[in-house]
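Below: one structure, written as structure tokens.
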Amino acid sequence: MSAAADAAARAGLGVSIAAWAVVVFLQLPVIVVVLAAFSTTSYLTIPPQGVTLAWFAKVLSDPQYLSAIRMSLLLALGSTAISLLIGVPAAYAIHRRLVPGAQALTSLLMAPLIMPSVVIGVALLQYFSLTGIRGTLLGLLFAHVVITVPYVVRATLASLAGLELTMEEAARVLGATGFETFRLITLPLIAPGLAAGALFAFITSLDNVPVTIFLISASQTTLPVLIFSSVEMGVDPSVAAVSTLLIAVTGILLLIAERRAGLHRFV
Amino acid sequence: MIRARHGLLLIAPLALVLAGFFLAPVLMLLPTSFREYVPAAGFRPGYWTLENYLRIITDDFYREVIWRTLSLGLLVTLACLVLGYPVAYVIARGPPRWRMMLTLLVIFPMLLNLVVRSFGWIVLLANRGLVNNLLLQLGVLSAPVKLLFNLTGVMIGLTHIYLPFMVLMLVAAIRNVPRDVEAAAATLGSSRLHVFVAVTLPLSAPGILAGSILVFVLTISALVTPRMLGGPTYQVMATVIYDEYMQLLDWARGSALAFALTLMTVGIIALSSALTRRWAGMS
Numbered sequence: 205m206s207a208a209a210d211a212a213a214r215a216g217l218g219v220s221i222a223a224w225a226v227v228v229f230l231q232l233p234v235i236v237v238v239l240a241a242f243s244t245t246s247y248l249t250i251p252p253q254g255v256t257l258a259w260f261a262k263v264l265s266d267p268q269y270l271s272a273i274r275m276s277l278l279l280a281l282g283s284t285a286i287s288l289l290i291g292v293p294a295a296y297a298i299h300r301r302l303v304p305g306a307q308a309l310t311s312l313l314m315a316p317l318i319m320p321s322v323v324i325g326v327a328l329l330q331y332f333s334l335t336g337i338r339g340t341l342l343g344l345l346f347a348h349v350v351i352t353v354p355y356v357v358r359a360t361l362a363s364l365a366g367l368e369l370t371m372e373e374a375a376r377v378l379g380a381t382g383f384e385t386f387r388l389i390t391l392p393l394i395a396p397g398l399a400a401g402a403l404f405a406f407i408t409s410l411d412n413v414p415v416t417i418f419l420i421s422a423s424q425t426t427l428p429v430l431i432f433s434s435v436e437m438g439v440d441p442s443v444a445a446v447s448t449l450l451i452a453v454t455g456i457l458l459l460i461a462e463r464r465a466g467l468h469r470f471v
Numbered sequence: 006m007i008r009a010r011h012g013l014l015l016i017a018p019l020a021l022v023l024a025g026f027f028l029a030p031v032l033m034l035l036p037t038s039f040r041e042y043v044p045a046a047g048f049r050p051g052y053w054t055l056e057n058y059l060r061i062i063t064d065d066f067y068r069e070v071i072w073r074t075l076s077l078g079l080l081v082t083l084a085c086l087v088l089g090y091p092v093a094y095v096i097a098r099g100p101p102r103w104r105m106m107l108t109l110l111v112i113f114p115m116l117l118n119l120v121v122r123s124f125g126w127i128v129l130l131a132n133r134g135l136v137n138n139l140l141l142q143l144g145v146l147s148a149p150v151k152l153l154f155n156l157t158g159v160m161i162g163l164t165h166i167y168l169p170f171m172v173l174m175l176v177a178a179i180r181n182v183p184r185d186v187e188a189a190a191a192t193l194g195s196s197r198l199h200v201f202v203a204v205t206l207p208l209s210a211p212g213i214l215a216g217s218i219l220v221f222v223l224t225i226s227a228l229v230t231p232r233m234l235g236g237p238t239y240q241v242m243a244t245v246i247y248d249e250y251m252q253l254l255d256w257a258r259g260s261a262l263a264f265a266l267t268l269m270t271v272g273i274i275a276l277s278s279a280l281t282r283r284w285a286g287m288s
């Protein structure tokens with residue numbers, strides 16, 4: 205029996221066909237966006253009317269898009285870095301029971317995940333207006349920290365839970381201080397989990413509209429918010445081009461994560 | 006003593022950020038929901054009212070929006086379950102070679118920008134979009150069908166966005182079903198379908214519940230996809246909150262609706278964890 209026939213028999217032919225059909229459905233909007241980006245007509249037709257790179261040239265020379273891309277990257281990098289800096293120590297303290305009420309604390313740290321994003325957005329809008337930091341980069345940065353830090357905390361807690369205490373105890377017995385043990389033993393051991401958490405935090409920040417849209421100033425916008433408002437104005441193929449760039453970046457990140465860490469085994 | 010102080014030092018930065026940029030803003034929103042907004046003048050001074058909350062229950066427009074939000078949540082959850090189960094089953098039980106490929110193809114759209122994915126559906130579903138174009142050219146249709154700015158468009162878009170979450174939850178649940186129980190049932194003469202209905206499905210029920218709750222909660226709080234695929238006319242709770250804040254500038258009503266939405270999501274999550282605990286207690 206061939207491998208494919210064997211496979212089909214094991215999973216059930218009908219179930220396999222349904223599964224692959226659903227997976228194709230999942231790629232559908234991705235495929236059409238990429239096709240639309242290379243199309244000469246503003247609406248995608250079958251067969252395509254012609255192929256052009258003009259929309260990419262337009263996007264990459266448009267100062268509004270370029271500044272939005274810069275802003276998005278800045279926010280995503282900044283909020284991921286801050287989330288790691290404050291999230292990893294907090295998760296470590298919770299895991300090692302260095303603080304009382306670890307269970308309640310964990311729930312509190314995860315609260316921004318349960319709260320609808322749009323509610324966090326409007327709450328911060330009012331708060332920033334009252335405190336006078338509305339429209340500042342600092343306010344926006346910390347808003348993104350609030351929505352990204354739960355992913356870092358969760359990934360750190362999960363990595364620490366899978367760790368054997370014996371290695372750290374050995375380091376302590378051999379005379380390492382608490383911080384040395386963390387830096388030389390614990391941190392390298394949990395690094396893959398942290399990388400996964402950081403990737404998730406980065407993408408969450410890069411993706412966010414419902415919180416960001418309430419907080420941006422007229423002059424400074426992020427890429428997804430710019431695409432969102434461009435679509436409200438009417439569809440333009442340059443939106444497809446910039447979306448295709450985002451698709452390419454995401455795809456490359458995913459492949460790197462799979463190659464380096466075998467991402468599919470983590471989910 | 007030193008341990009406790011170290012612990013506090015480690016957790017203090019995060020605690021301060023969350024207190025300052027999450028807890029305080031949300032708590033300060035609460036009084037706003039009891040104010041009255043007078044257009045162009047701001048909040049009526051010294052006046053507190055329950056009107057914003059009463060309106061949510063009594064006003065026909067709000068009632069329709071809430072009803073629509075909840076039914077959309079239910080429909081999207083069901084669609085994700087029906088579409089997601091076969092994928093999850095093949096990932097969990099199928100050949101290893103397929104497993105990696107399918108998992109990556111499920112994760113990829115999940116990591117992709119929400120706005121980009123919704124934009125893809127606009128290209129597909131618009132009146133002059135790909136689906137209508139194709140059906141017109143094939144002669145199936147004589148005039149374009151309206152697939153956007155209504156239930157169809159929003160439901161397709163939201164199902165597409167939350168399906169990967171459901172699949173990943175179901176994969177974990179199906180993997181937890183012991184294979185020897187399935188094998189035992191098969192040995193005792195059950196057909197494959199009967200093994201599935203009598204063993205696999207009930208044993209993966211906790212995962213089905215967890216995935217459904219997640220998708221439902223995410224759907225009823227969604228803003229971007231309903232706005233892009235539903236337009237300014239097909240409104241759900243999150244888009245009404247957006248309009249109250251950004252267009253009508255009525256923060257008082259907007260915040261009352263925001264708390265109503267929060268109450269719904271937190272309530273549903275609390276209910277489901279109580280249910281799960283009871284299940285765990287029974288087994």
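Those protein sequence lines, which keep their order, are chains A and B.
First residue of the first sequence? That's 205 in this note's numbering, and the numbers climb one at a time after it.
First residue of the second sequence? That's 6 in this note's numbering, and the numbers climb one at a time after it.
For glycine and all other residues, C-beta sits at the position ideal for the given N, C-alpha and C.
Computed from a prediction, not measured in an experiment: that's the story for all the values here.
- The CB of B:His165 comes closer than 9 angstroms to the CB of Phe229, Leu230, Leu232, Pro233 in chain A, given here in chain order.
- Going by DSSP, A:Pro428 is part of the alpha helix (DSSP H) stretching over 427-437.
- DSSP lists no bridge partner for B:Tyr167.
- Here B:Val245 is near B:Val70, since their CB atoms are less than 8 angstroms apart.
- Residue range 65-98 is occupied by the alpha helix (DSSP H) that includes B:Asp65.
- Per DSSP, the beta bridge partners of B:Tyr42 are B:Phe48.
- Listed along the chain, the chain B residues whose CB falls inside 8 angstroms of the CB of A:Gln330 are Pro30, Met33, Leu34, Thr37, Trp256, Ser260.
- In this structure, DSSP gives A:Val255 an extended state, which the three-state scheme calls strand.
- In the same chain as A:Tyr355, and ignoring 5 residues on each side of it, the C-beta atoms closer than 7 angstroms to its own belong to Gly401, Phe404, Ala405, Thr408, in chain order.
- Residue environment analysis places A:Ala258 among the exposed positions, since fewer than 16 neighbouring C-beta atoms fall within 10 angstroms of its C-beta.
- For A:Glu462, the closest C-alpha among the options B:Arg40, B:Val159, B:Ile112 is that of B:Ile112.
- Residue environment: B:Met115 is assigned as buried (16 or more neighbouring CB atoms within 10 Å of its CB, all protein chains considered).
- Proximity of chain A to B:Arg197 at the Cβ level (cut-off 8 angstroms) is accounted for by Gly216, in chain order.
- Taking C-beta atoms as the reference points, A:Phe332 and A:Gly343 count as a pair closer than 8 angstroms.
- One Cα belongs to A:Leu361, the other to A:Leu369, and the distance between them is close to 14 angstroms.
- Two segments are said to touch when three or more pairs of C-beta atoms, one from each, lie closer than 8 angstroms; by this definition the stretch 96-108 of chain B touches the stretch 176-185 of chain B.
- In the three-state reduction of the DSSP assignment, A:Ser243 falls in the strand class, which pools E and B.
- Listed along chain A are Pro320, Val322, Val323, Val326, Ala327, each with a C-beta nearer than 8 angstroms to that of B:Ala263.
- Taking 8 angstroms as the upper bound on Cβ-Cβ separation, chain B lies near residues Val443, Ala444, Ser447, Leu450, Ile451, Thr454, Gly455, Leu457, Leu458, Glu462 of the stretch 442-465 of chain A.
- Chain A has no Cβ within less than 8 angstroms of the Cβ of B:Tyr42.
- Sequence-distant partners of B:Thr37 (beyond 5 residues in either direction) whose C-beta falls short of 7 angstroms from its own C-beta, in its chain, are Trp256, Ala257, Ser260.
- Excluding residues up to 5 positions away in sequence, Ala297, Leu309 lie with their Cβ nearer than 8 angstroms to the Cβ of A:Val303 in the same chain.
- Using a 10 angstroms sphere on the CB of B:Val43, the tally of other CB atoms stays under 16, which defines it as exposed.
- If the five residues before and after A:Ile273 are omitted, its C-beta is found closer than 6 angstroms to the C-beta atoms of Leu427, all from its own chain and listed in chain order.
- With respect to A:Ala315, A:Ala399 sits apart: the two C-beta atoms are not nearer than 8 angstroms.
- The C-alpha of A:Val292 is placed about 9 angstroms away from the C-alpha of B:Leu15.
- Sequence-ordered contacts of the stretch 342-357 of chain A with chain B read Phe346, Ala347, Val349, Val350, Val353 [C-beta pairs closer than 7 angstroms].
- Non-local beta-carbon contacts of A:Val435 in its own chain, meaning distances under 8 angstroms to residues more than five positions away in sequence, involve Val443 in chain order.
- Under the 8 angstroms criterion on CB atoms, A:Ala359 is classed as non-interfacial with respect to chain B.
- By the CB criterion at 8 angstroms, A:Pro441 and A:Ala223 fall outside the cutoff.
- One Cα belongs to B:Arg102, the other to A:Leu459, and the distance between them is close to 16 angstroms.
- Judged by DSSP secondary structure, A:Leu457 falls within the alpha helix (DSSP H) whose first and last residues are 441-465.
- Chain order gives the chain B residues near A:Ala222 as Pro91, where near means a beta carbon separation below 7 angstroms.
- For secondary structure counted as the alpha helix (DSSP H) over 4 or more consecutive residues, the stretch 224-253 of chain B holds these complete runs in sequence order: 229-235, 242-251.
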